[in-house]
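Heads up: the structure comes next, in structure tokens.
In this note's numbering, the protein residues as written are 6 to 78.
Here is the structure:
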């Protein structure tokens, strides 16, 4: 059950992160970060690792974009 919740939070975050790759829309990554973290927590509580790993990939995409845009040092 937690794995499904992790996937859902990951999908919602991915829908926010993909358009945030466009210049001047990077603020969307900041909105997605709390959702990604909730998904990682649910994935960690699950017996399966799929949802957690998916959220970690979405986190990596958002973090790289924020680093390139100067949002994270």
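Just so you know, even glycine gets a beta-carbon here, dropped at the ideal spot from N, CA and C.
Burial state of residue i, where buried means 16 or more other Cβ atoms lie within 10 Å
i          : result
residue 49 : exposed
residue 40 : buried
residue 75 : exposed
residue 45 : buried
Selection from the options that minimises the alpha carbon distance to residue i
i          : options        : result
residue 65 : 28, 10, 13, 42 : 42
residue 7  : 20, 71, 60, 37 : 60
residue 36 : 15, 56, 73, 54 : 15
residue 69 : 23, 13, 57, 17 : 23
residue 9  : 34, 58, 26, 33 : 58
residue 63 : 72, 73, 34, 47 : 34
Any C-beta of chain D under 9 Å from that of residue i
i          : result
residue 36 : Checking the listed chains, one finds no chain D in this structure; it contains a single protein chain.
CB of residue i within 9 Å of CB of residue j, strictly
i          : j          : result
residue 11 : residue 51 : yes
Problem set entry | Contiguous alpha helix (DSSP H) assignments of at least 4 residues, all confined to the segment 11–73 | For the segment 11–73, whole alpha helix (DSSP H) runs of length 4 or above, ordered along the chain, are 32–50.
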